[in-house]
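Asker: Can you keep this structure in mind? I'll have questions shortly.
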Amino acid sequence: MPCYRLIPSTSQDELYANQLSGLRWTIDHIIKGSDFYRARLAEAGVSSGRDIRSLDDLHRLPVTTTSDLREGYPYPLLSVPLTDVVRLHASSGTTGKRKVMAYTQNDVNTFSLQMARCFELAGLTPEDKVQIAVGYGLWTAGIGFQLGCEKLGCMSIPIGPGNIEMHLQFLTDVGSTCLGSTASMALLLSEEVERNNLADKIKLKKIIFGAEPHDAKMRRNFERKLGLEDSFDIAGMTEMFGPGSALDCPHHTGLHYWADLFIIEVLNPETLEPVPAGETGEMVVTTLTKEASPLLRYRTGDLSRLIPGVCSCGLQMPRHDKILGRSDDMIIFRGVNIYPGQISDVLQTFPETAGEYNMQLWRDDNGRDSMLLKVERSPQADKGNDANLAKAILRTMQQRVMVSPQVEIVDPGQLPRFMGKAKRVEDKRF
Ligand code: AMP
Ligand code: ZN
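Our numbering runs 3 ahead of the 1-based position in the sequence shown.
Pasting the structure below:
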């Protein structure tokens with residue numbers, strides 16, 4: 004295992020002890036600082052951190068939900084005096100009221116630490132030049148990458164999303180070695196590099212991508228077009244400071260999360276009971292050091308699973324799998340529950356497709372729902388085979404997802420590309 008400067012080489016026992024003391028501290032902190040949490044915990048019979056004997060006691064604590072965040076707007080879960088707050092951030096969510104989170108100076112420091120640890124795990128050093136292609140402003144993404152660079156000592160190039168011309172210019176003129184972006188933006192940029200014949204003029208070695216679910220084909224595609232050494236999936240959300248709560252290490256067998264900062268449970272979203280080890284469910288997060296807006300068993304809505312065992316890289320930090328999507332991204336089509344990730348999984352099995360798709364749903368006058376699935380042919384595949392390919396995709400969709408879409412194969416590059424989070428499902432039924 005490499006020798007890390009910022010990632011602690013804690014044993015599992017030490018982590019467990021850390022989590023227990025962090026949980027007790029958090030309980031005392033929120034009872035003291037938040038009327039909301041104090042009342043919730045009193046209902047559960049908890050009046051002090053000392054009531055927590057072991058981590059198993061976590062299961063009897065109440066969960067916190069996104070509607071609790073909405074009710075507390077604009078300072079949900081606030082557990083410190085407002086004068087201790089040095090910053091507000093909000094999620095990029097477009098539905099309902101934005102999720103606003105407050106930060107103390109210690110929270111900002113922890114945010115930069117978690118990002119810098121991710122960079123360290125990805126093998127970045129102060130030699131690296133990190134071109135940042137995610138959003139700046141109220142969102143956590145751009146500022147998070149920036150903080151991480153400054154903490155680890157990398158050079159940051161804070162361009163933000165969009166502005167392809169400027170990205171290409173800095174990739175060639177500065178020789179950026181790492182890009183921070185969404186997977187969609189990485190794909191878009193790789194296609195532009197190819198189109199402009201710039202592959203030999205850039206020095207990009209790594210991409211750290213996140214903020215949305217990706218699929219393996221898309222990732223291989225931008226890795227190949229840009230001649231990357233490696234790429235890393237980074238997880239995070241505004242509620243967990245921002246990006247950087249977890250990163251997939253160079254062994255790519257799951258994302259290590261910082262278990263000295265968070266406890267992650269995976270629960271069945273209906274019963275709120277833990278799922279059997281290694282199975283998929285909703286990630287529920289408890290923060291262990293967060294001061295301004297701490298989370299107590301917060302239902303993230305994100306679906307993933309915990310990966311049992313220790314990673315072959317030797318790092319003791321536990322892992323979760325890539326985030327499959329949000330439980331509220333689920334579509335109900337003719338009584339069948341579908342997650343967009345399932346469509347990607349089906350397309351992964353067809354070498355003739357590039358992985359890009361667009362799904363449209365509409366309802367006719369008789370109230371009958373229809374689905375059109377447009378799929379991009381890969382540049383190497385034969386156009387003459389489109390009809391057979393469409394039939395084969397339909398059959399696999401019927402077997403695996405239990406729906407029968409109209410399947411249309413389109414030319415490479417025909418479907419929309421995205422600079423931020425991709426939007427591949429257009430539900431026009433409501
Ligand atoms: P925001 O709080 O606006 O930054 O959005 C956070 C949400 O983006 C998370 O709850 C996830 O649903 C999604 N997300 C973030 N990172 C990833 C990732 N690496 N893979 C899949 N989804 C992600
Ligand atoms: Zn690892």
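We put the beta carbon where it would ideally sit given N, CA and C, even for glycine.
#1: Helix, strand or coil: how does DSSP classify S193 here?
#2: Looking at C121 and ligand 2, is the gap between the Cβ and the nearest heavy atom below 6 Å?
#3: Which same chain residues end up closer than 6 Å to G41 when comparing Cβ atoms and leaving out the 5 residues on each side of it in sequence?
#4: Using 10 angstroms around the beta-carbon of V89, count the other beta-carbons present and answer buried if the total reaches 16, otherwise exposed.
#5: With distances taken from each beta carbon to the nearest heavy atom of ligand 2, which residues come in below 6 Å, in chain order?
#6: Quick one: any contact between the stretch 6–19 and the stretch 164–177, if contact means 3 or more CB pairs under 8 Å?
#7: Which stretch, first to last residue, makes up the alpha helix (DSSP H) that contains C152?
#8: Using the Cβ count rule (16 or more neighbours within 10 Å means buried), how would you classify P246?
#9: Return the bridge partner residues of W261 from the DSSP annotation.
#10: Measuring only the C-alpha atoms, how far is L291 from L26?
#11: Output the boundary residues of the alpha helix (DSSP H) element that contains H170.
#12: Use the C-beta contact count for M4: other C-beta atoms within 10 angstroms, 16 or more gives buried, fewer gives exposed.
#13: Ordered along the chain, which non-local residues of its own chain (more than five positions away) have a Cβ less than 7 Å from that of A105?
#14: What's the gap between the Cα of T97 and the Cα of K424?
#15: In whole angstroms, what separates the C-alpha of I334 from that of T69?
#16: Determine the direct distance from the alpha carbon of T256 to that of D385, and round the result to whole angstroms.
#17: In whole angstroms, what is the alpha-carbon distance linking P408 and L350?
Answerer: According to the structure data:
#1: Helix.
#2: Checking the Cβ of C121 against ligand 2 gives no.
#3: For the record, residue 41 in the displayed sequence is Arg; it is not Gly. Same-chain partners within the cutoff: I34.
#4: By the C-beta density criterion, V89 is exposed, having fewer than 16 other C-beta atoms within 10 angstroms.
#5: Those residues, listed in chain order, are C252, H254, H259, C314, C316 and L318.
#6: Result no; under three Cβ-Cβ pairs closer than 8 Å.
#7: Taken as a continuous stretch (DSSP letters only), the alpha helix (DSSP H) holding C152 covers A144 to L155.
#8: Result: buried.
#9: Answer by DSSP bridge pairing: none, since W261 is not bridged.
#10: L291 and L26 have their C-alpha atoms roughly 6 Å apart.
#11: DSSP places H170 inside the alpha helix (DSSP H), whose first and last residues are I167 to D176.
#12: By the 16-neighbour rule on beta-carbons within 10 angstroms, M4 is exposed.
#13: Within the same chain, A105 has close Cβ partners Y78, L81, V88, L91, A295 and S296.
#14: A caution first: T97 carries a pLDDT of 49, below 50, which makes its placement in the model unreliable, though a value can still be read off. CA-to-CA, the gap between T97 and K424 works out to about 12 Å.
#15: Between I334 and T69, the C-alpha separation is close to 20 Å.
#16: Here the alpha carbons of T256 and D385 stand approximately 34 Å from one another.
#17: Going from the Cα of P408 to the Cα of L350 covers about 13 Å.
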